[in-house]
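Notes to accompany the following structure.
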RNA sequence: GGUGAGGUAGCCAAGUGGUUAGGCAAUGGUUUGCAAAACCAUCAUACGCGGGUUCGAAUCCCGUCCUCACCUCCA
């Protein structure tokens, strides 16, 4: 596989063939959340990108160690906790749990290791000591006997190589804070000292907290070693976060090569062409989308655009005041389509007979099914091109529906149905197998149908019983050939957002995407 | 100012030298007691603008306009 997967590497700014550092294995590190608030859609995108990468690597048979950290010690956490009177670690733990829940619902594979800063203070302290000993960092006295430790940016020759900046440019346009403690305005904190009663840990420099950046150097090294395969994160982390990680890690491992072999960075989620961000106040939380739409719809929505490009997230305010997310709604209809296709195929597949020959007119469909997973993997090999992967799935699903339509048309042709059933099973299997590398369709169809029905009925303020009652009435009217009455009832249900379908085998209903 | 990412048909979005995705919307059709869903067809000789290279350019080169992001916390 090593030569089929190509990833765009931020460091070299080129599409690079992926070659594992250790044969048969891959180490992936992803910058996880700082746990001071609930995650928004931008965080979902940042999580789903490494998810696709890890799935792709595993689909190729590599043994992947996926590390995603939790930054549970940070000034923002301290500030937020102080506002509400909550203990900082309690806030962190609460937000970390919500984050994990959000990502699990999104269908993201769980990290193999999910290290927290609070559990790795000794590793961080050791790394800072090493940097001081190597001349890359220095201790600075702050008022009141408190001591900080700073990284001396100019001591590292490669500084700026990831973000394509040079230190002098930075200096000119710098809005970097100069302070008395820093020898150079560009220097950044490795350890921030604090007084006795403040939130902190003991260290050789007195009580304090780790600076931002150092935790990722310490924890990635602990679990993946220096020079692991892929480091992921949002594009806004390139500078300064990842630049600083490189400086710290490479200074601590002189002569051991690059900190990470490949850097991939996902683009932003935009609202009105502007980056979704806490500071702009234009963010929508992941849970807000889950309230309205299925988590799998959000996944489909996010995969519809290549990870490096911007993706627009629209919100629309309806007359009744409710806010909807048109893009995610559209995605939910697509997800419905896929699950419905699986259900239809299952019906046809139930009529399969072992060894029955596949009908000639389904030869092209069989071919599509046989090739689908390989096509999805080929798309993912091309720098995780998920939009192309989705197109493959839709082509296959269309073929599946064509088959199901044909089976209805030929419902009296027992010979055809036995063979078509075999093909239907092939298509359904291919659909599932092709969805697996992108984490779609991982729920049994009936479970998906049940959970979306429940959610949508709730949004509409309806109960299944009320709907069923209307349908009983309508069925009676239809049997009495009172079509005027039947249509009136249909109209009524339709206005409520319900889709009623009459078929030879009876009437079914579903709630449309709301 | 420095650095980076983008501008593709009504909308979203793949495509990086020659047969080019996929989705949404719209219109027509198959099906249906009527519908919905599904399927078929059309919309699609589109690629910010101006030059150039080439037998041939959305794709390469030069110039130019516009948008966004990072340079401060940020996924």
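In my numbering, the protein residues as written are 12 to 525. Think of the CB as a built atom: it goes at the ideal place given N, C-alpha and C, for glycine as much as any other residue.
Please check the pair residue i and residue j, which I expect to be a contact at CB under 8 Å, by giving their CB distance rounded to whole angstroms.
{"i": "residue 48", "j": "residue 106", "result": "7 Å"}
{"i": "residue 72", "j": "residue 240", "result": "That pair is no contact at about 15 Å."}
{"i": "residue 525", "j": "residue 471", "result": "6 Å"}
{"i": "residue 226", "j": "residue 143", "result": "In fact, because the Cβ distance is near 17 Å, the residues do not count as touching under 8 Å."}
{"i": "residue 408", "j": "residue 357", "result": "14 Å between Cβ atoms; not a contact."}
{"i": "residue 235", "j": "residue 40", "result": "6 Å"}
{"i": "residue 203", "j": "residue 222", "result": "6 Å"}
{"i": "residue 80", "j": "residue 42", "result": "7 Å"}
{"i": "residue 273", "j": "residue 27", "result": "6 Å"}
{"i": "residue 403", "j": "residue 383", "result": "6 Å"}
{"i": "residue 277", "j": "residue 57", "result": "6 Å"}
{"i": "residue 103", "j": "residue 157", "result": "Not confirmed; about 23 Å, so no contact."}
{"i": "residue 238", "j": "residue 32", "result": "6 Å"}
{"i": "residue 466", "j": "residue 521", "result": "Contact flag wrong, Cβ pair sits at about 12 Å."}
Grab the span of the alpha helix (DSSP H) containing residue i for me, first residue to last.
{"i": "residue 392", "result": "374-392"}
{"i": "residue 312", "result": "306-314"}
{"i": "residue 3", "result": "Lying before the first or after the last residue shown, residue 3 is absent from the chain, which here runs from 12 to 525."}
{"i": "residue 456", "result": "456-471"}
{"i": "residue 149", "result": "Unbroken run through residue 149 is the beta strand (DSSP E), 148-152; no alpha helix (DSSP H)."}
{"i": "residue 123", "result": "From DSSP, residue 123 is part of no alpha helix (DSSP H); its letter is neither H nor E."}
{"i": "residue 416", "result": "397-420"}
{"i": "residue 241", "result": "It is not in any alpha helix (DSSP H) - residue 241 instead sits in the beta strand (DSSP E) that spans 239-245."}
{"i": "residue 522", "result": "Segment 517-522 is the beta strand (DSSP E) holding residue 522; no alpha helix (DSSP H) there."}
{"i": "residue 449", "result": "It is not in any alpha helix (DSSP H) - residue 449 carries neither H nor E in the DSSP assignment."}
{"i": "residue 215", "result": "Careful: residue 215 lies outside any alpha helix (DSSP H) and carries neither H nor E."}
{"i": "residue 140", "result": "132-144"}
{"i": "residue 117", "result": "99-117"}
Locate the beta strand (DSSP E) running through residue i, then write down its first and last residues.
{"i": "residue 158", "result": "158-162"}
{"i": "residue 252", "result": "From DSSP, residue 252 is part of no beta strand (DSSP E); its letter is neither H nor E."}
{"i": "residue 201", "result": "199-204"}
{"i": "residue 275", "result": "271-277"}
{"i": "residue 222", "result": "Per DSSP, residue 222 belongs to no beta strand (DSSP E) and is neither H nor E."}
Please report the distance separating the alpha-carbon of residue i from that of residue j.
{"i": "residue 496", "j": "residue 351", "result": "29 Å"}
{"i": "residue 482", "j": "residue 339", "result": "30 Å"}
{"i": "residue 368", "j": "residue 430", "result": "5 Å"}
{"i": "residue 311", "j": "residue 145", "result": "48 Å"}
{"i": "residue 256", "j": "residue 325", "result": "34 Å"}
{"i": "residue 169", "j": "residue 45", "result": "27 Å"}
{"i": "residue 263", "j": "residue 193", "result": "20 Å"}
{"i": "residue 329", "j": "residue 302", "result": "16 Å"}
{"i": "residue 261", "j": "residue 279", "result": "28 Å"}
{"i": "residue 141", "j": "residue 148", "result": "9 Å"}
{"i": "residue 12", "j": "residue 30", "result": "Model confidence at residue 12 stands at a pLDDT of 46, short of 50, so the residue's coordinates are unreliable; what they give is reported in the following sentence. Near 9 Å, if we compare the C-alpha coordinates of residue 30 and residue 12."}
{"i": "residue 296", "j": "residue 375", "result": "43 Å"}
{"i": "residue 171", "j": "residue 251", "result": "9 Å"}
{"i": "residue 286", "j": "residue 292", "result": "10 Å"}
{"i": "residue 427", "j": "residue 512", "result": "25 Å"}
{"i": "residue 208", "j": "residue 109", "result": "29 Å"}
{"i": "residue 348", "j": "residue 448", "result": "19 Å"}
{"i": "residue 399", "j": "residue 16", "result": "15 Å"}
{"i": "residue 436", "j": "residue 359", "result": "8 Å"}
{"i": "residue 314", "j": "residue 289", "result": "23 Å"}
{"i": "residue 334", "j": "residue 479", "result": "28 Å"}
{"i": "residue 253", "j": "residue 415", "result": "51 Å"}
{"i": "residue 266", "j": "residue 459", "result": "52 Å"}
{"i": "residue 393", "j": "residue 275", "result": "13 Å"}
{"i": "residue 96", "j": "residue 133", "result": "28 Å"}
{"i": "residue 22", "j": "residue 258", "result": "13 Å"}
{"i": "residue 327", "j": "residue 299", "result": "13 Å"}
{"i": "residue 268", "j": "residue 353", "result": "49 Å"}
Identify the residues that DSSP records as bridge partners of residue i: which are they?
{"i": "residue 293", "result": "Residue 293 pairs with nothing; no bridge assigned."}
{"i": "residue 42", "result": "Its beta-bridge partners do not exist; DSSP assigns none."}
{"i": "residue 286", "result": "281"}
{"i": "residue 339", "result": "Partner(s): none; residue 339 has no beta bridge."}
{"i": "residue 18", "result": "27"}
{"i": "residue 345", "result": "For residue 345, which the question treats as bridged, DSSP gives no partner whatsoever."}
{"i": "residue 513", "result": "518"}
{"i": "residue 334", "result": "328"}
{"i": "residue 323", "result": "281"}
I'd like to confirm something about residue i: is its beta-carbon nearer than 7 Å to some heavy atom of the ligand GDP, or not?
{"i": "residue 54", "result": "Judged by which ligands are present, the structure shown has none, so any question about the ligand GDP falls away."}
Please list the segments of the alpha helix (DSSP H) lying wholly inside the region 480-509, counting only runs of 4 or more residues, in order along the chain. 494-506
Every unbroken alpha helix (DSSP H) inside the region 21-95 [4 residues or more]: 52-70 and 86-95
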